[in-house]
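What follows is a set of notes on a single structure, which appears directly below.
In our numbering, the protein residues as written are 15 to 76.
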């Protein structure tokens, strides 16, 4: 198999054999990823803030 036939077969596969999602499905997925990322960042931020306060309290004891 040479490079030319590989490229031609790859293009044919991308056009005819791949099932692409609809635009509305992609929009919904993008919103879901953004919301999940924000929630995860907030959770990590709260955990970090709690850990920071715990360490300040612990070090202030000594």
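Even glycine gets a Cβ: it sits at the ideal position worked out from N, Cα and C.
| Query | Result |
| --- | --- |
| What separation, rounded to the nearest whole angstrom, lies between the Cα atoms of residue 59 and residue 46? | 20 Å |
| Which value, in whole angstroms, describes the spacing of the CA atoms of residue 115 and residue 33? | Nothing can be reported for residue 115: it is not among the residues displayed for the chain, which extend from 15 to 76. |
| One question on the structure: do residue 35 and residue 43 come within less than 9 Å of each other, judged by their Cβ atoms? | yes |
| Roughly how many angstroms separate the alpha carbons of residue 28 and residue 17, rounded to a whole number? | 16 Å |
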